[in-house]
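Read the structure below first, then the notes.
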Amino acid sequence: MKKNLVGIVMGSTSDWEVMQHAARSLSGFGVPYEARALSAHRTPDALGAWVGGLAKQGAKCFIAGAGGAAHLAGVVAAQTALPVLAVPMPSKHLQGLDSLLAMVQMPKGIPVATFAIGDAGAANAGLFAVAMLALEDAALAKKLGEFRKKQADAVLASKLPELK
Ligand code: RP5
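Every position in the sequence shown, counted from 1, becomes a number in our numbering once 9 is added.
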């Protein structure tokens, strides 16, 4: 069985609609991952055990999505020296600005890399994880290069609509 190279964690199953985009980025490149809903405040012990277990079996980074006070990524980073990529969830009352500020304002010493709020941030966190893994995997680097070229080609082939 392939070891999971990335751990995706989210504070609630309600975050999956957004966080599935991180999973889709990884699976598009054939990167094995494990995704879980675990909370920094509701299930702190289970979260710690999961982070430790995945790091021990060879994971290279974590992607953490949470909303509101959004301390999940910081708590994951407190328990591992592996890179932690943080994705702010679009929250009900503040549209994710609360999540973004909570994640991006980590105090000095325990960093998390914070991405955009919502779907684009989740997808980009997955792509960023692929880019990190590609540093030591030539086949993955080739796939990432092809992916970028396809995007560039689509832009270059695009046409603006005629004036009406
Ligand atoms: C956070 O609170 C979660 O990350 C989620 O974004 C938010 C709301 O969670 P639920 O009330 O939907 O479980 O912990």
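We put the CB at the ideal spot given by N, CA and C, even for glycine.
Reference G127; option with closest CA among K12, T22, S21 and V27: Taking the first residue of the sequence shown as position 1, residue 127 is located at position 118. Ranking K12, T22, S21 and V27 by Cα distance to G127 puts V27 first.
Secondary structure of P41, DSSP reduced to three states: One-based indexing of the sequence shown puts residue 41 at position 32. In the structure shown, P41 adopts coil according to DSSP, grouped into three states.
For M19, the three-state DSSP class (helix, strand or coil): What you label residue 19 is simply residue 10 of the sequence shown in a count that begins at 1. Correct three-state label for M19: strand.
Touching by the beta-carbon criterion (3+ pairs, under 8 Å), the segment 64-80 and the segment 17-24: yes
Minimum C-alpha distance to L63 - residue among R45, K158 and H50: Here the question's residue 63 lines up with position 54 in the sequence shown. Nearest of R45, K158 and H50 to L63, Cα basis: R45.
Per-residue burial, K117 [other beta carbons within 10 Å of its own, 16 or more giving buried]: Start at 1 with the first residue of the sequence shown, and residue 117 comes out as number 108. So K117 counts as exposed.
Separation of A163 from V40, as counted between CA atoms: Indexing the sequence shown from 1 puts residue 40 at position 31. Indexing the sequence shown from 1 puts residue 163 at position 154. Going from the Cα of V40 to the Cα of A163 covers about 24 Å.
Own chain, CB closer than 6 Å to A86, minus 5 neighbours either side, in chain order: As a position in the sequence shown, residue 86 is number 77, starting the count at 1. Here the set comprises V93, I119 and V121.
Proximity to L142 [Cα-Cα], best of L172, W59 and C70: Against the sequence shown, residue 142 aligns to sequence position 133. Nearest option by C-alpha distance: C70.
heavy atom of the ligand RP5 below 7 Å from A75 C-beta: One-based indexing of the sequence shown puts residue 75 at position 66. Yes.
Cβ-Cβ distance between M112 and P97 below 8 Å: The sequence position of residue 112 within the sequence shown is 103, counting from 1. The sequence position of residue 97 within the sequence shown is 88, counting from 1. Contact: yes.
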